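Notes to accompany the following structure.
Numbering (our numbering), first residue to last: 498 to 632.
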């Protein structure tokens with residue numbers, strides 16, 4: 498997997514999707530601009546927008562509810578919800594990262610961390626996971 502770094506304050510979803518599905522960052526950025534008028538206004542991508550984008554690349558993803566996510570077992574694009582006390586520090590209420598069976602790859606670094614340590618250290622909570630459908 499080639500890891501794409503986040504290039505702007507609001508494009509963690511672009512970098513995570515490009516890395517996860519194996520496409521160029523630039524192609525994912527163009528798809529984000531087409532999928533979300535909000536994105537060009539410096540707002541991050543929603544779950545629905547990422548699902549639409551992945552389908553457009555021929556790699557449809559499905560949602561897994563946060564209560565069913567096992568950070569030590571699952572693989573996909575994970576939404577991390579920041580604790581309210583961290584919103585100002587992170588500049589957002591949430592962040593898209595790549596989860597790979599116990600490891601979080603954060604496109605803002607990019608950095609690699611143990612999933613549990615990452616969540617505790619950054620005061621984050623597991624959100625929705627976007628993963629490939631079981632075949």
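C-beta atoms are modelled at their ideal positions from N, C-alpha and C, and glycine is treated no differently. Note that the structure is predicted; figures quoted are calculated from it, not measured.
For residue 508, does the count of other Cβ atoms within 10 angstroms reach 16, so buried, or fall short, so exposed?
-> Here residue 508 refers to the residue found at position 11 when the chain shown is read from its first residue. Under this definition residue 508 is a buried residue.
DSSP state of residue 517, grouped into three classes?
-> In the chain shown, the residue the question calls residue 517 occupies position 20. Of the three classes helix, strand and coil, the one that applies to residue 517 here is helix, per DSSP.
Could you tell me whether the segment 524–531 touches the segment 601–608, where touching means 3 or more Cβ pairs closer than 8 Å?
-> No, the segment 524–531 does not touch the segment 601–608.
Selected residue, minimal CA-CA separation from residue 600, among 573, 559 and 578 = The sequence position of residue 600 within the chain shown is 103, counting from 1. When 573, 559 and 578 are compared, the shortest CA-CA separation from residue 600 is found for 573.
Are the beta-carbon atoms of residue 561 and residue 626 separated by less than 7 Å?
-> One-based indexing of the chain shown puts residue 561 at position 64. One-based indexing of the chain shown puts residue 626 at position 129. It is a contact, given that the beta carbons lie within the stated cut-off.
Out of 567, 506 and 593, which has the shortest C-alpha to C-alpha gap to residue 613?
-> Residue mapping note: residue 613 aligns to position 116 of the chain shown, counting from 1. Taking only the C-alpha atoms, the option nearest residue 613 is 567.
Hey, residue 529 and residue 550 are a contact pair by Cβ (cut 8 Å); roughly how many whole angstroms apart?
-> As a working mapping, residue 529 is identified with position 32 in the chain shown. As a working mapping, residue 550 is identified with position 53 in the chain shown. Contact check for residue 529 and residue 550: beta-carbon distance about 6 Å, within the 8 Å limit, so the pair qualifies.
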